[in-house]
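Heads up: the sequence lines are chains A and B, in that order.
Residue numbers for the first sequence follow this note's numbering, beginning at 1303 and rising by one.
Residue numbers for the second sequence follow this note's numbering, beginning at 1303 and rising by one.
First the structure, in the form of structure tokens, and then the observations on it.
Number of protein chains: 2
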Amino acid sequence: MAKMTPRTLSGFMELLPAPQQQMERIMEVLRRTYSLYGFTPLDTPVIESSDVLLAKGGGETEKQIYRFQKGDADIALRFDLTVPLAKYVALHYNDLTFPFRRYQIGKVYRGERAQRGRFREFYQADIDIIGDGKLDIANEAEIPAIIYKTFSTLGLKRFQIRVNNRKILNGFYSMLGLSEKSGDIMRTVDKLDKIGPEKVKTLLMGEEIALTEEQADEILKFIAIGGTNAQVLDALQGYAGKDEIFDQGLSELQTVVKYLAAFGVPEENFAVDLTIARGLDYYTGTVYETTLLDHPEIGSVCSGGRYDNLAEYYTDKKLPGVGISIGLTRLFYVLGEQGMLNPELPTAPADVLILPMTEDLSAAISLATLLRENGIRAQLHCEQKKFKQKISYADKLNIPYVIFLGEDEINAGVVACKDMVTGEQTKLEPAATVYRIKAGLDARNTGSVILG
Amino acid sequence: MAKMTPRTLSGFMELLPAPQQQMERIMEVLRRTYSLYGFTPLDTPVIESSDVLLAKGGGETEKQIYRFQKGDADIALRFDLTVPLAKYVALHYNDLTFPFRRYQIGKVYRGERAQRGRFREFYQADIDIIGDGKLDIANEAEIPAIIYKTFSTLGLKRFQIRVNNRKILNGFYSMLGLSEKSGDIMRTVDKLDKIGPEKVKTLLMGEEIALTEEQADEILKFIAIGGTNAQVLDALQGYAGKDEIFDQGLSELQTVVKYLAAFGVPEENFAVDLTIARGLDYYTGTVYETTLLDHPEIGSVCSGGRYDNLAEYYTDKKLPGVGISIGLTRLFYVLGEQGMLNPELPTAPADVLILPMTEDLSAAISLATLLRENGIRAQLHCEQKKFKQKISYADKLNIPYVIFLGEDEINAGVVACKDMVTGEQTKLEPAATVYRIKAGLDARNTGSVILG
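See below:
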């Protein structure tokens, strides 16, 4: 028979079992952490009607979307988890209780040009808090606190959540009489990290935005404000009293910074950064970006912000919210590339491999049942293979313990158990063996998923 | 602005938060149980190249598949998890260690005619064990034992795993000189439950299959063999010694039944059933179907079997295996319809709602942190709302505990905590409050997801 060459589409991540175990571990940390903060899990369809998904319309989105016809239906794959959330909240409004806190970890699809480290199918891990009519500023401080907790639990240390407030920027541009140009200016300033201040100035004074040199200098001076969070807030105080929106933004930012400290987020892990604007017009208050301090070249691994109107394309109801999204597949890829995934953590499919040495498997099966009842992942190896091959199987899969169960052991009521790392072998009663294995597994499981 | 009416496509399940929590709980049980038996989690792309996905080609599959063009690529959404597994194993053959045990819980897509309880996007939860060249019969007994364990852990009691062996059927048809017609016969016999023995007989003697009445009667007599598993095996023994394949199948079935008992599967939860054949030619040995005893009308909720050649369309390597698949979305739907989802289990997004009664949130935040560190899901309610509205929020979401934290409590170093079910209110130190809440949550979490 002619064979079809098996292949996976480029831009689609497909992991081998060991890295997949690491990915599962990360997802489990996300689920658990988000749950601890009162977020409920949500799962929405991957496919939606195209008109629903593209209600906002236009832009890059439409070009990248996977959209197709099935029968009479014009349907498409979701390209983020925010539009499905907006649809969900508008559709189920009467069945939800607000503030509505949900997390969703799911695959999204974008037909980007395939290149190294860019994915067409990737996981996003989102949390959002949606209010009905209004939403307290405290939520804008809790969101980065959750991200801090999540990354810390994963083991990440050298990261920084950078925080700004769009009202400060809008208010400041209003002071300069540049309100109408604020969108263009923010998009340009957003490039600061990549192209530097000189080129930003040139763009600001270019044909399109057409600022005076004085205005451009004012802006560059403003976004150059740096130092500790207290110093930045002090410097901003110098601009206060001139614009209502600015003052409101400053007050919000002060509150967020105060509560972030109360939430136990260390200074080194968050910074007020006036250059952060987020490209989307959608954001109206606090905005976030998160960078890995040793890998700024990756850009933001977790971004979001406050918006005033989640579902304006579907409903007249005003639904303000705040949310943040981790680009999980890309983050995982980068962590792998940088050797930051802890190789010490178990990635074997089982904790124990049981080698029955008798024809009758009953004793081996009973032992496997005992181990499993104690939460130990046990695999029976019943294949007709040589002993050496079976040991090599455990070796290749990094299964930490191998148990031999022969006539002698069964008659003596003991279990021969070998630690595959130390080589140490014990002959103990089943209960004592369980105890020893559990202690060993606990010791192996102490590290975090991410190193550094 | 004109609004787009939000809607979800028909045939796509989208759950409200409370049932979603139940679904998550079921998935968690599946993941944990499968892991305990040494299965490693796998995640493959939802989209594959159409030629890869349809390598086997033809049939119902091709009509139902979501297939489309993106740029130059002819791509499609997976319609099961078996074809992606075959591709995965063939593609990554050199990086895998055999026997390879994997589980996968993922969405698959079939453009079926939309009807109540039928889904176009649905979860399958699969386990498979793949051998390299050969695979021991013990695996064919372990698979239904895992399903028994999974369903029991979920709380399901009234279910039956029905087991047969294709070799017994093939061998039996061979005795009758009907080997070439065995596929047609099995597909017809498979309808027994639905259409009854008389109609099966008519079909067997019809133009297409054209058996003699004697042959048809022999077959009906054979598949009518019933009773306890021991009785069925005894009756089958009467046919032994006439056909090698039959004898091999009988021996395998005897082994499977013996080990199922060793695995602790009670007689009432599995039955040798000679009418089970599974439509697919793909299966070559043991086959399984699982029915809910009180809802036979649903058909099988978990099916599978032994196959000789997982990846024959991709590789010359012989990769025998055995696997089983739970149609999770449909099962969940049915359980909900039948009122079998335990309403006593917590579905709230949080265990505790904290109501800060002071301007400064620091004390409330510290308390929330303490609760979370103790594994208690805590939500801060900081909205500017009336006290009564906040209580009503906890009520609507079924949050079991509400904590009030005012100036008095903060100064006294205590926490006022109300049990929302009993109405009982305590004022205790934070540590004692944690203890009380944990005990209460443990008591609430004792039931299983499924009733009956």
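Ideal Cβ placement from N, Cα and C applies to all residues, glycine included.
If you're wondering where the values come from, they're calculated on a predicted model, not measured in any experiment.
Burial state of residue 1472 of chain A, where buried means 16 or more other Cβ atoms lie within 10 Å: buried
Residues of the segment 1350-1363 of chain B whose Cβ lies closer than 7 Å to any Cβ of chain A, in chain order: 1350, 1351, 1353, 1354, 1357
Per-residue DSSP class, three states only, for residue 1368 of chain B: coil
Contact between the segment 1700-1709 of chain A and the segment 1592-1604 of chain B (3+ Cβ pairs under 8 Å): no
Unbroken alpha helix (DSSP H) run spanning residue 1693 of chain B, endpoints: Secondary structure note for residue 1693 of chain B: its alpha helix (DSSP H) is the uninterrupted segment 1689-1698.
Where the segment 1538-1571 of chain A meets chain B: residues whose CB sits under 7 Å from a CB there: 1561, 1564, 1565, 1566
Buried/exposed call for residue 1725 of chain A, threshold 16 Cβ in 10 Å: exposed
Simplified DSSP assignment, three categories, for residue 1648 of chain B: Three-state result, residue 1648 of chain B: coil.
Alpha-carbon spacing of residue 1425 of chain B relative to residue 1398 of chain A, whole angstroms: 25 Å
Delimiting residues of the beta strand (DSSP E) encompassing residue 1462 of chain B: 1461-1467
Rounded straight-line distance, which links the Cα of residue 1436 of chain B to that of residue 1354 of chain A: 50 Å
Cross-chain neighbours of residue 1586 of chain A in chain B, by beta carbon under 7 Å: Going along chain B, no residue has its Cβ under 7 Å from residue 1586 of chain A, so there is no contact; the nearest lies around 17 Å.
Contacts of residue 1501 of chain B in chain A (Cβ-Cβ under 7 Å): Within chain A, no residue comes near residue 1501 of chain B; the closest Cβ sits about 33 Å away, beyond 7 Å.
Partners in chain B for residue 1340 of chain A, counting only beta-carbon separations shorter than 7 Å: 1651, 1652, 1679, 1680, 1681
Simplified DSSP assignment, three categories, for residue 1457 of chain A: coil
Segment contact flag, the segment 1371-1388 of chain B with the segment 1323-1340 of chain B, C-beta cutoff 8 Å, min 3 pairs: no
N-terminal and C-terminal residue of the alpha helix (DSSP H) that residue 1393 of chain B is part of: 1384-1393
Minimum Cβ-Cβ distance from residue 1615 of chain B to chain A less than 8 Å: yes
Endpoints, the alpha helix (DSSP H) within which residue 1549 of chain A is located: 1546-1564
8 Å Cβ cutoff met for residue 1550 of chain A and residue 1451 of chain A: no
Chain B contact residues for residue 1695 of chain A, given Cβ-Cβ distances below 7 Å: 1399
Neighbouring residues, chain B, relative to residue 1310 of chain A (Cβ below 7 Å): 1347, 1393
Residues near residue 1571 of chain A by beta carbon distance below 7 Å, same chain, minus five either side: 1450, 1461, 1462, 1463
Where residue 1509 of chain A falls, given that 16 or more other Cβ within 10 Å makes a residue buried: exposed
Local Cβ density within 10 Å of residue 1737 of chain B, reported as buried at 16 or more and exposed below that: With fewer than 16 Cβ atoms within 10 Å of its Cβ, residue 1737 of chain B is classed as exposed.
Residues from the segment 1620-1631 of chain B in contact with chain A, defined by Cβ distance under 9 Å: none
Within 8 Å, strictly: CB atoms of residue 1626 of chain B and residue 1576 of chain B: no
Beta-carbon proximity list for residue 1622 of chain B, same chain, < 6 Å, skipping 5 on both sides: 1433, 1437, 1610
Cβ-based burial, residue 1608 of chain A [other Cβ within 10 Å; buried from 16]: buried
Residue from B:1347, B:1631, B:1667 whose Cα sits closest to the Cα of residue 1563 of chain A: B:1667
Residue 1429 of chain A and residue 1405 of chain A closer than 8 Å at C-beta: yes
Through-space distance from residue 1740 of chain B to residue 1505 of chain A, alpha-carbon basis: 59 Å
Within chain B, partners of residue 1602 of chain A - CB distance below 8 Å: The premise fails here: residue 1602 of chain A is roughly 24 Å from chain B at the closest Cβ pair, so nothing lies under 8 Å.
Residues bridged to residue 1606 of chain A [DSSP beta-bridge criterion]: A:1590, A:1626
Proximity below 8 Å, CB of residue 1651 of chain A to CB of residue 1393 of chain B: Cβ atoms of residue 1651 of chain A and residue 1393 of chain B: not closer than 8 Å.
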